[in-house]
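What follows is a set of notes on a single structure, which appears directly below.
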Amino acid sequence: MEHVNKNRLFLASCLALITTAMTFAIRARLETVFGPEGMGLTLEQLGYAFAPAFFGFTIAMIIGGPLVDLMGIKRITWLAFITHTIGIVLTLLADSMTSLFIATLFIGIGNGFVEAALNPMIASMYSEEKTKMLNRFHVWFPGGIVIGSLIGWLTMDVLGLSWEAMVSTLFIPLVFYGVLFFGQKIPITERLQLGISNKDMFKSVLKPLFLFMVCCMFLTAASELGTTQRIESLLKESVTAPLLVLAFINGIMAFGRMFAGQVVHKLKPSGMLLYSAVFTFIGLWMLTMTTGGLTFVAAAIFAIGVTFFWPTMLGFVAEYLPETGALGLSIMGGAGMFSVSIVLPIMGNLMDNASAAEALRTMSLLPAILIVAFMGLHLYMRRQVKTSEV
Numbered sequence: 014m015e016h017v018n019k020n021r022l023f024l025a026s027c028l029a030l031i032t033t034a035m036t037f038a039i040r041a042r043l044e045t046v047f048g049p050e051g052m053g054l055t056l057e058q059l060g061y062a063f064a065p066a067f068f069g070f071t072i073a074m075i076i077g078g079p080l081v082d083l084m085g086i087k088r089i090t091w092l093a094f095i096t097h098t099i100g101i102v103l104t105l106l107a108d109s110m111t112s113l114f115i116a117t118l119f120i121g122i123g124n125g126f127v128e129a130a131l132n133p134m135i136a137s138m139y140s141e142e143k144t145k146m147l148n149r150f151h152v153w154f155p156g157g158i159v160i161g162s163l164i165g166w167l168t169m170d171v172l173g174l175s176w177e178a179m180v181s182t183l184f185i186p187l188v189f190y191g192v193l194f195f196g197q198k199i200p201i202t203e204r205l206q207l208g209i210s211n212k213d214m215f216k217s218v219l220k221p222l223f224l225f226m227v228c229c230m231f232l233t234a235a236s237e238l239g240t241t242q243r244i245e246s247l248l249k250e251s252v253t254a255p256l257l258v259l260a261f262i263n264g265i266m267a268f269g270r271m272f273a274g275q276v277v278h279k280l281k282p283s284g285m286l287l288y289s290a291v292f293t294f295i296g297l298w299m300l301t302m303t304t305g306g307l308t309f310v311a312a313a314i315f316a317i318g319v320t321f322f323w324p325t326m327l328g329f330v331a332e333y334l335p336e337t338g339a340l341g342l343s344i345m346g347g348a349g350m351f352s353v354s355i356v357l358p359i360m361g362n363l364m365d366n367a368s369a370a371e372a373l374r375t376m377s378l379l380p381a382i383l384i385v386a387f388m389g390l391h392l393y394m395r396r397q398v399k400t401s402e403v
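Throughout the sequence shown, residue numbering follows my numbering, covering 14 to 403 in sequence.
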């Protein structure tokens with residue numbers, strides 16, 4: 014990795030992910046700005062307006078995965094910067110469901126290009142410790158949500174500033190990551206380093222184990238992001254400041270991902286995923302029954318559960334299915350975000366016509382399914398290890 018400034022590239026990557034994550038927290042706060050008590054959109058309409066954040070992400074990742082090898086990581090990173098900039102500006106100009114939809118689409122595409130480019134870059138730079146470093150990188154997804162949540166709370170709820178002032182803070186990490194990436198030599202992907210052909214890469218994404226992980230990614234991402242993206246509406250009857258609960262959840266997640274290396278060593282990726290599913294299910298079920306201070310207890314259990322979901326799913330594929338390359342990581346991320354775009358309107362409909370508790374009970378079915386799936390995966394991986402040792 015000659016002439017590659019790993020530390021600068023890793024810092025730039027973290028700032029790009031902070032930009033991505035802050036859009037999630039700020040969008041959660043915008044729910045009350047554009048919702049029934051603000052500009053008059055129903056919660057279901059908001060679900061549709063916010064859905065492009067996730068299917069736009071999916072489009073960018075599915076397109077960006079193959080393009081990372083063809084165009085290079087650097088060009089995809091600059092596409093992320095450009096679409097992020099356009100999305101932030103359009104959000105500031107949004108005044109209807111349609112304009113919010115278009116703005117959110119550009120931000121979603123920018124977020125997708127960040128993941129499409131930077132997950133394989135980090136896997137390439139740290140090929141001997143992929144799961145550990147992908148978890149370190151993904152510290153800044155919950156970390157950025159904490160930052161965005163606190164900014165949203167401080168600017169609007171404490172200082173009484175406009176929602177436009179809150180959205181404008183996204184320019185700060187955006188400019189910093191652009192400056193840090195500027196002029197840097199960026200490595201090629203691990204697949205190209207290993208000499209794996211395009212044909213073999215496309216064949217590898219049809220392997221049963223990879224397809225199983227894609228199906229599980231639908232459920233892990235929806236469990237985490239479907240819940241946190243609608244936190245304002247889900248918990249508005251339970252606590253006075255739902256954004257602080259969001260910050261609390263993501264603070265726990267950031268702390269946990271910092272120490273992912275030790276957990277990976279003890280549990281292995283499949284074990285981490287199984288325990289994550291158990292805690293996520295318990296946390297979601299508890300959130301249906303708690304109010305006040307106890308909401309934070311339930312939120313802590315939920316946070317412990319979802320902490321390792323996203324980066325460990327990516328780490329598992331990078332470690333055990335490296336021949337899938339950037340395409341494999343992009344399909345995984347894209348599948349996760351696409352699932353959230355489906356879940357958001359469904360949750361909105363449940364909250365409009367039933368209750369927030371009913372929406373949470375429905376969401377708890379997803380980690381319940383994952384407990385069974387990951388138990389099977391864990392047993393399968395243990396058998397694989399024993400077979401290889403014989």
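Even glycine gets a Cβ: it sits at the ideal position worked out from N, Cα and C.
Residues of its chain near residue i, where Cβ-Cβ distance is below 6 Å and the 5 sequence neighbours each way are ignored
{"i": "residue 403", "result": "For residue 403, the pLDDT reaches just 47, beneath the cut-off of 50, and the residue's location in the model is therefore unreliable, although a value from the coordinates is still provided. No residues qualify anywhere along the chain."}
{"i": "residue 174", "result": "168"}
{"i": "residue 350", "result": "67, 70, 71"}
{"i": "residue 229", "result": "386"}
{"i": "residue 187", "result": "32, 97"}
{"i": "residue 207", "result": "none"}
DSSP state of residue i mapped onto helix, strand, coil
{"i": "residue 324", "result": "helix"}
{"i": "residue 139", "result": "coil"}
{"i": "residue 403", "result": "Caution applies to residue 403, whose pLDDT of 47 falls short of 50 and renders its modelled position unreliable; the value that the coordinates give is listed next. If DSSP states are grouped into helix, strand and coil, residue 403 belongs with coil."}
{"i": "residue 297", "result": "helix"}
{"i": "residue 23", "result": "helix"}
{"i": "residue 218", "result": "coil"}
{"i": "residue 50", "result": "coil"}
{"i": "residue 172", "result": "coil"}
{"i": "residue 334", "result": "coil"}
{"i": "residue 254", "result": "coil"}
{"i": "residue 389", "result": "helix"}
{"i": "residue 303", "result": "coil"}
{"i": "residue 272", "result": "coil"}
{"i": "residue 281", "result": "helix"}
{"i": "residue 31", "result": "helix"}
{"i": "residue 79", "result": "helix"}
{"i": "residue 242", "result": "helix"}
Element boundaries [alpha helix (DSSP H), containing residue i]
{"i": "residue 145", "result": "143 to 150"}
{"i": "residue 250", "result": "Segment: none, residue 250 is in no alpha helix (DSSP H) and carries neither H nor E."}
{"i": "residue 16", "result": "From DSSP, residue 16 is part of no alpha helix (DSSP H); its letter is neither H nor E."}
{"i": "residue 308", "result": "306 to 319"}
{"i": "residue 88", "result": "86 to 106"}
{"i": "residue 58", "result": "56 to 63"}
{"i": "residue 370", "result": "369 to 376"}
{"i": "residue 185", "result": "184 to 194"}
{"i": "residue 167", "result": "Note, residue 167: premise wrong, no alpha helix (DSSP H); not H, not E."}
Beta-carbon proximity of residue i to residue j, cut-off 8 Å
{"i": "residue 159", "j": "residue 226", "result": "no"}
{"i": "residue 119", "j": "residue 99", "result": "yes"}
{"i": "residue 29", "j": "residue 190", "result": "yes"}
{"i": "residue 316", "j": "residue 265", "result": "yes"}
{"i": "residue 199", "j": "residue 95", "result": "no"}
{"i": "residue 117", "j": "residue 154", "result": "no"}
{"i": "residue 291", "j": "residue 237", "result": "no"}
{"i": "residue 130", "j": "residue 75", "result": "no"}
{"i": "residue 233", "j": "residue 124", "result": "no"}
{"i": "residue 217", "j": "residue 336", "result": "yes"}
{"i": "residue 239", "j": "residue 356", "result": "yes"}
Residue i beta carbon near the ligand ADP (any heavy atom closer than 7 Å)
{"i": "residue 91", "result": "Annotation note on the ligand ADP: not contained in the displayed structure, which lists no ligands."}
Neighbourhood of residue i by C-beta, 8 Å cutoff - its chain only, sequence neighbours within 5 removed
{"i": "residue 165", "result": "38, 39, 41, 42, 179, 256"}
Proximal residues to residue i (C-beta, below 7 Å), its chain only, five neighbours per side dropped
{"i": "residue 361", "result": "56, 57, 59, 60"}
{"i": "residue 293", "result": "236, 315, 318, 319, 380"}
Short CB-CB distance (under 8 Å) between residue i and chain B
{"i": "residue 259", "result": "Checking the listed chains, one finds no chain B in this structure; it contains a single protein chain."}
Can we say the region 335 to 344 touches the region 44 to 53, given the rule of at least three CB pairs closer than 8 Å?
no
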